[in-house]
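Engineer:
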Amino acid sequence: MEEHYATEHEKREQKARRKLEKEEAQRREAEKAARLEEECIAAERKTWKQTQKKMIDEERRAELQKDLQIQLAMHVGDLEDRLVQRLHQVVAAPTRLIRGKKKVTYQSDVDESSSSQGDGSDTSVTQQLSACAERLAISEKRKRGPEPVFEDPSPPMEQPAKRTPKRGILKPVKLTRRLTRSKSKKGGGGLTPTSASKKIATPLSKKRTPAKRRTPTLMPHSKATLERLRYRDNALRELKDLDATELQRICRKEDIHYDKKIEAIFDIADHRTERAFATALARVERIAISDDTKAEQEDAPANDG
15 MEEHYATEHE
25 KREQKARRKL
35 EKEEAQRREA
45 EKAARLEEEC
55 IAAERKTWKQ
65 TQKKMIDEER
75 RAELQKDLQI
85 QLAMHVGDLE
95 DRLVQRLHQV
105 VAAPTRLIRG
115 KKKVTYQSDV
125 DESSSSQGDG
135 SDTSVTQQLS
145 ACAERLAISE
155 KRKRGPEPVF
165 EDPSPPMEQP
175 AKRTPKRGIL
185 KPVKLTRRLT
195 RSKSKKGGGG
205 LTPTSASKKI
215 ATPLSKKRTP
225 AKRRTPTLMP
235 HSKATLERLR
245 YRDNALRELK
255 DLDATELQRI
265 CRKEDIHYDK
275 KIEAIFDIAD
285 HRTERAFATA
295 LARVERIAIS
305 DDTKAEQEDA
315 PANDG
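Counting from 15, one number per residue, gives the positions in the sequence shown under my numbering.
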């Protein structure tokens, strides 16, 4: 029994081993197939990218070649025109300019094209155009038509004679009253010019002594106002560098409502100014000096004397 059990156990182990080996081989084959598929996909993608790159390069080369051909054709055309003009200037005989009227023979474009085709010349379009342009010249004057004849002859137009201004004659300048000499009355009533050296004495009734300028004196109230403004400016300069948290702490300490930073700065400055100058304004008293007190002060030293 033990031998039978051992043999059966060995058979089962071999069977399980073969199964595991078979599964391992299948797994390896699947991994190998997946790897090969990935490599094929990567190779295909690489080849597609290379083909796309080649196509883009070819298109770019074609565009560059086309641009170069266009530019070359333009330069060659310009060079050909210059050469033709230069040859015409060198080879053509000097033409004598004939003045006056002469008959002009017009040649149509059809005749020129037919003659050029018949001759079989290999001249380009630019040469034909340049030759036609050289032959152009303004040699015929404009002919006037017959003069119009009017049935009812109109009277001749009469224009005033042309007058040229005379030179060398200048009108005297009219002087105004401000530019003329000043005149003063004599004792007899006549008007005679006064001499520049004679001084005119003004009557004493018309003399006025210049009023002395009084220096503005600051009253106690105005001084207090200036000090208050200076104190407020100094407070604003001190508060403008503080941040929001410091301003909030000062508002809580001085029992001021905090809304915004700038408004809080002005509120704190106003509050401190009011608190600092509340007692100073209360102490200011206005004393009016009447005329009676001034008279009494003037009489007092006289009586003492």
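All residues carry an ideal CB built from backbone N, CA and C; glycine is no exception.
Give a yes or no on whether the C-beta atoms belonging to Asp281 and Ile270 are separated by under 8 angstroms.
Structural biologist: Taking the sequence shown and counting its residues from 1, one reaches residue 281 at position 267. Taking the sequence shown and counting its residues from 1, one reaches residue 270 at position 256. In this structure, Ile270 lies closer than 8 angstroms to Asp281 by Cβ.
Engineer: If you draw a straight line from the C-alpha of Leu34 to the C-alpha of Glu58, how long is it?
Structural biologist: Taking the sequence shown and counting its residues from 1, the one referred to as residue 34 is at position 20. Taking the sequence shown and counting its residues from 1, the one referred to as residue 58 is at position 44. If you take the alpha carbons of Leu34 and Glu58, they lie about 36 angstroms apart.
Engineer: List the whole-angstrom C-beta distance separating Ser144 from Gln99, where the pair is believed to meet the contact cut-off of C-beta under 8 angstroms.
Structural biologist: On the sequence shown, residue 144 is found 130 positions in, with the first residue counted as 1. On the sequence shown, residue 99 is found 85 positions in, with the first residue counted as 1. With 8 angstroms as the limit, Ser144 and Gln99 qualify as a contact, their Cβ atoms being about 6 angstroms apart.
Engineer: Under three-state DSSP, which class holds Lys60?
Structural biologist: To locate residue 60, count along the sequence shown from 1; it is residue 46. Helix, per DSSP.
Engineer: I need the straight-line Cα distance from Gly202 to Lys176, nearest angstrom please.
Structural biologist: On the sequence shown, residue 202 is found 188 positions in, with the first residue counted as 1. On the sequence shown, residue 176 is found 162 positions in, with the first residue counted as 1. Any answer about Gly202 is weak, because its pLDDT of 48 lies below 50 and its placement is not dependable; what the coordinates show is given next. Going from the Cα of Gly202 to the Cα of Lys176 covers about 58 angstroms.
Engineer: Just to confirm before moving on: does the CB-CB distance between Ala283 and Leu261 stay below 8 angstroms?
Structural biologist: Taking the first residue of the sequence shown as 1, we reach residue 283 at position 269. Taking the first residue of the sequence shown as 1, we reach residue 261 at position 247. Result no, Cβ atoms of Ala283 and Leu261 do not sit closer than 8 angstroms.
Engineer: Keeping to the same chain, check which residues put their C-beta closer than 8 angstroms to that of His285; ignore five residues upstream and five downstream.
Structural biologist: Counting from 1 along the sequence shown, the entry for residue 285 is found at position 271. Here the set comprises Glu268 and Ile270.
Engineer: Determine the direct distance from the alpha carbon of Glu73 to that of Cys146, and round the result to whole angstroms.
Structural biologist: If you number the sequence shown from 1, residue 146 lands on position 132. If you number the sequence shown from 1, residue 73 lands on position 59. Between Cys146 and Glu73, the C-alpha separation is close to 42 angstroms.
Engineer: I'd like the span of the alpha helix (DSSP H) that includes Lys274, first residue to last.
Structural biologist: Looking up residue 274 in the sequence shown gives position 260. Counting along the chain, Lys274 falls outside any alpha helix (DSSP H), and DSSP gives it neither H nor E.
Engineer: For Ile264, count the other beta carbons within 10 Å of its own beta carbon; 16 or more makes it buried, fewer makes it exposed. Which is it?
Structural biologist: On the sequence shown, residue 264 is found 250 positions in, with the first residue counted as 1. Under this definition Ile264 is a buried residue.
Engineer: Report the option in Ile279, Arg246 and Asp273 whose CA atom is closest to the CA atom of Arg289.
Structural biologist: Within the sequence shown, the letter at position 275 stands for residue 289. Out of Ile279, Arg246 and Asp273, Arg246 has the C-alpha closest to the C-alpha of Arg289.
Engineer: Is Ala258 buried or exposed, if buried means 16 or more other CB atoms sit within 10 Å of its CB?
Structural biologist: If you number the sequence shown from 1, residue 258 lands on position 244. Answer is exposed; the Cβ neighbour count stays below 16.
Engineer: Could you check what DSSP says for Ser236 in three-state terms: helix, strand or coil?
Structural biologist: For the purposes of this step, residue 236 is identified with residue 222 of the sequence shown, where counting begins at 1. Helix at Ser236.
Engineer: Quick one, which of Ala47, Leu86, His89 and Lys275 has its alpha-carbon nearest Leu250's?
Structural biologist: By 1-based counting over the sequence shown, the position of residue 250 is 236. Closest option to Leu250, Cα to Cα, is Lys275.
Engineer: Among residues of its own chain, excluding the 5 on either side of Leu86, which ones have a beta-carbon nearer than 6 angstroms to its beta-carbon?
Structural biologist: The residue you call residue 86 lines up with position 72 of the sequence shown. There are no such residues.
Engineer: How far does the alpha helix (DSSP H) with Glu161 in it extend, from its first residue to its last?
Structural biologist: Position 147 of the sequence shown, counting from 1, holds the residue named residue 161. No alpha helix (DSSP H) contains Glu161, which DSSP labels as neither H nor E.
Engineer: As a quick exercise: from Arg75, Thr140, Leu78 and Leu82, pick the residue whose alpha carbon is nearest that of Leu93.
Structural biologist: Indexing the sequence shown from 1 puts residue 93 at position 79. Residue Thr140 is the option with its Cα nearest to Leu93.
Engineer: What residues in its chain sit with their C-beta under 8 angstroms from that of His23, if we drop five residues either side in the sequence?
Structural biologist: Numbered from its first residue, the sequence shown carries residue 23 at position 9. So the list is empty, once near-sequence residues are dropped.
Engineer: Could you give the DSSP three-state label for Met69: helix, strand or coil?
Structural biologist: Looking up residue 69 in the sequence shown gives position 55. It is helical.
Engineer: Rounded to whole angstroms, what is the Cα-Cα separation between Arg149 and Leu101?
Structural biologist: Position 135 of the sequence shown holds residue 149. Position 87 of the sequence shown holds residue 101. Using only the alpha carbons, I get a separation of about 15 angstroms.
Engineer: What does the alpha-carbon distance come out to for the pair Asp71 and Arg41?
Structural biologist: If you number the sequence shown from 1, residue 71 lands on position 57. If you number the sequence shown from 1, residue 41 lands on position 27. Each residue's Cα considered, the two are about 45 angstroms apart.
Engineer: What is the DSSP secondary structure of Met15, reduced to helix, strand or coil?
Structural biologist: By 1-based counting over the sequence shown, the position of residue 15 is 1. Met15 falls in the coil class under three-state DSSP.
Engineer: Grouping DSSP H, G and I as helix and E and B as strand, with all else coil, what is Ala290?
Structural biologist: Position 276 of the sequence shown, counting from 1, holds the residue named residue 290. DSSP places Ala290 in helix when its eight states are reduced to three.
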